[in-house]
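Quick note: the sequence shown uses this note's numbering, first residue 38, plus one each step.
For glycine and all other residues, C-beta sits at the position ideal for the given N, C-alpha and C.
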Amino acid sequence: MVSNMWPDRRLLDLLGIEHPIIQAPMAGATNPELVAAVSEAGGLGSFGAAGTPPDRLRATVGAIRQRTNRAFHINLFSAHTEQFDGDARPGPGLSERLAAYHSELGLEPVPEPAPMFGPAEEQFEVLLEEGVPIISFHFGADARLVARAHEAGVKVLCSATTAAEAKALEDMGVDAIIAQGSEAGGHRGTFSVDYRQALIGTMALVPQVVDAVSVPVIAAGGIMDARGLVASLALGASAVQMGTAFLGCPEAPIGDAWRASLLAAEAEATTVTEAISGKPARGIRNRYIDEIESLDETLLPYPAQYSVSRVLRKAANERANPDFIAMWAGQGVGLIRQRPAGDFVRDLVVESRQLLARLAQK
Ligand SMILES: Cc1cc2nc3c(=O)[nH]c(=O)nc-3n(C[C@H](O)[C@H](O)[C@H](O)COP(=O)(O)O)c2cc1C
């Protein structure tokens with residue numbers, strides 16, 4: 038059996054999967070087709086549910102189940118991060134820029150700030166009711182929800198960006214830690230310190246997290262192929278979580294401009310910015326990031342900052358205009374390849390096996 042090849046079976050047994058390959062949950066960039074293709078190939082398919090209202094989330098779980106009987110995983114942004122400040126209003130610089138972009142694209146007036154991602158507690162209830170086997174949280178976890186998940190027999194994962202965060206999550210009962218290095222695409226999962234303090238590369242972060250906790254560790258950030266997977270195992274990780282690499286799969290529901298930018302980008306194209314959502318996240322630099330970062334004023338808090346560009350981003354996406362969309366991507370982007378997700382997982386398994394064998398011979 039191919040699955041016997043993996044040296045560390047702890048996470049495989051915990052989650053009931055064949056290969057230590059987790060397709061990252063990516064809000065807005067995952068769908069049942071992608072999730073099921075990865076799970077069917079023996080990895081763990083994952084859906085990023087931030088921004089999916091409870092009813093649609095229930096339907097999404099059903100759509101995944103229609104396509105696979107295997108384990109899959111759903112991710113939520115932690116409830117405490119959804120503290121929407123209804124009084125927050127954009128400053129004069131941001132208002133002026135947004136109005137100018139709307140008039141450039143001939144759009145309706147700039148929308149008022151609005152909540153974006155919740156309600157996380159209602160989403161969580163749907164996941165328990167639907168018997169989703171594995172739930173993960175981003176931006177820290179809530180001990181009460183971890184305990185409720187465990188009562189229902191659900192496994193819980195959560196991202197950490199420092200060893201101290203990993204330890205805090207383990208103390209809360211989280212079953213496995215996703216060590217998210219600074220190379221990672223998308224939002225930084227940092228929840229305990231200023232994010233600038235926690236921009237720790239995967240190579241440095243993973244072994245320190247492995248030493249700090251006794252639960253299995255999942256390496257994330259910049260892992261694009263068998264070389265990254267095998268290196269992560271050498272660092273002590275029990276599995277990898279890969280996001281950017283799966284954006285190259287045709288199943289990933291991303292717009293043409295984002296896809297073209299990913300295929301053209303090299304590692305230096307990305308940046309960590311708060312300009313888009315109000316929270317730090319890594320994506321491909323574009324006109325929006327450049328011009329909003331250059332404003333000399335405090336931006337709105339998350340998620341209000343994200344919400345005021347929602348009409349602009351949607352229109353830009355529909356028109357394949359890369360200037361105004363959020364093109365999340367990690368520093369491994371220069372290694373992205375276009376391959377159906379199932380083939381990608383199967384190739385990754387074969388190539389990792391060959392690489393492990395080659396290293397063992399030397
Ligand atoms: C487009 C995109 C969206 C993401 N959305 C989420 C999300 O909704 N929840 C989450 O926990 N992580 C999210 N992440 C972060 C991933 O879980 C993971 O940390 C990251 O993809 C790993 O780095 P890599 O992109 O270099 O593989 C996202 C990443 C990307 C690229």
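Item to complete: Assuming Glu158 contacts Ala186 (C-beta within less than 8 Å), just tell me the rounded distance between them.
Response: Actually they are not in contact, since the Cβ atoms of Glu158 and Ala186 sit about 13 Å apart, beyond 8 Å.
Worksheet item: Is it the case that the CB of Ile260 approaches a heavy atom of ligand 1 more closely than 7 Å?
Response: yes
Worksheet item: Can you give the Cα-Cα distance for Ser40 and Val386, rounded to whole angstroms?
Response: Annotation note: pLDDT 48 at Ser40 (below 50); position unreliable, no value reported.
Worksheet entry | Contact the stretch 347-363 vs the stretch 378-398: 3+ CB pairs below 8 Å | no
Worksheet item: Under the DSSP definition of a beta bridge, which residues are partnered with Ala216?
Response: Ala197, Ala256, per the DSSP bridge assignment.
Fill in: Sheet register partners of Thr409 (DSSP bridge)
No information on residue 409 is available, as it lies outside the stretch 38 to 399 that the chain covers here.
Worksheet entry | Coil, strand or helix - Leu392 by DSSP | helix
Worksheet item: Taking 7 Å as the cut-off, does the CB of Leu182 come closer than this to any heavy atom belonging to ligand 2?
Response: For ligand 2, the structure offers nothing, since it holds only ligand 1.
Worksheet item: Any heavy atom of ligand 1 closer than 7 Å to the Cβ of Asn112?
Response: yes
Worksheet item: Just curious, the beta strand (DSSP E) that Val277 is in, first and last residue?
Response: 276-279
Worksheet item: For ligand 1, any of its heavy atoms closer than 7 Å to the Cβ of Leu135?
Response: Every heavy atom of ligand 1 is 7 Å or more from the Cβ of Leu135, so no.
Worksheet entry | Where Thr227 falls, given that 16 or more other Cβ within 10 Å makes a residue buried | Buried, by the Cβ-count rule.
Discussion item. To the nearest angstrom, how far is the alpha carbon of Phe114 from that of Met153?
Written reply: Cα to Cα, Phe114 sits roughly 11 Å from Met153.
Practice prompt. Counting only the same chain and skipping the five closest in sequence on each side, list residues whose C-beta sits under 7 Å from that of Tyr343.
Written response: Met153, Ile313, Ser314, Gly315
Worksheet item: Just to confirm, does Leu284 get its C-beta within under 7 Å of one of the non-hydrogen atoms of ligand 1?
Response: yes
Item to complete: Note the first and the last residue of the continuous beta strand (DSSP E) segment covering His187.
Response: Segment 180-188 is the alpha helix (DSSP H) holding His187; no beta strand (DSSP E) there.
Worksheet entry | Buried versus exposed, by CB contacts within 10 Å (16 or more), Gly128 | exposed
Worksheet item: If you scan the stretch 225-253 from start to end, which runs of the alpha helix (DSSP H) of 4 or more residues do you find wholly inside it?
Response: Counting only unbroken stretches of 4 or more residues, the alpha helix (DSSP H) elements lying wholly within the stretch 225-253 are 239-249, in sequence order.
Worksheet item: If you draw a straight line from the C-alpha of Met261 to the C-alpha of Leu299, how long is it?
Response: 13 Å
Discussion item. If I follow the unbroken beta strand (DSSP E) through His175, where does it start and stop?
Written reply: 171-175
Discussion item. What does the alpha-carbon distance come out to for the pair Ser229 and Lys204?
Written reply: 12 Å
Practice prompt. Return yes when at least one heavy atom of ligand 1 lies under 7 Å from the C-beta of Pro90, else no.
Written response: no
Worksheet item: Which value, in whole angstroms, describes the spacing of the CA atoms of Glu9 and Leu144?
Response: What is shown of the chain runs 38 to 399, which leaves residue 9 out entirely.
Worksheet item: Grouping DSSP H, G and I as helix and E and B as strand, with all else coil, what is Gly79?
Response: coil
Fill in: C-alpha gap between Leu81 and Phe174, whole angstroms
Approximately 16 Å, taken between the alpha carbons.
Fill in: Endpoints, the beta strand (DSSP E) within which Leu113 is located
109-114
Discussion item. Using C-beta distances below 8 Å, list every residue in its chain close to Gln411, excluding the 5 sequence neighbours before and after it, in chain order.
Written reply: This structure cannot speak to residue 411, because the chain is shown only from 38 to 399.
Discussion item. Give me, in chain order, the residues of the same chain whose beta-carbon lies closer than 7 Å to that of Ser269; leave out the 5 immediate sequence neighbours on both sides.
Written reply: Val243, Ala256, Ile260, Val277
Practice prompt. Would you please state the rounded distance, in angstroms, between the beta carbons of Val254 and Ala274? I believe it to be under 8 Å.
Written response: 5 Å
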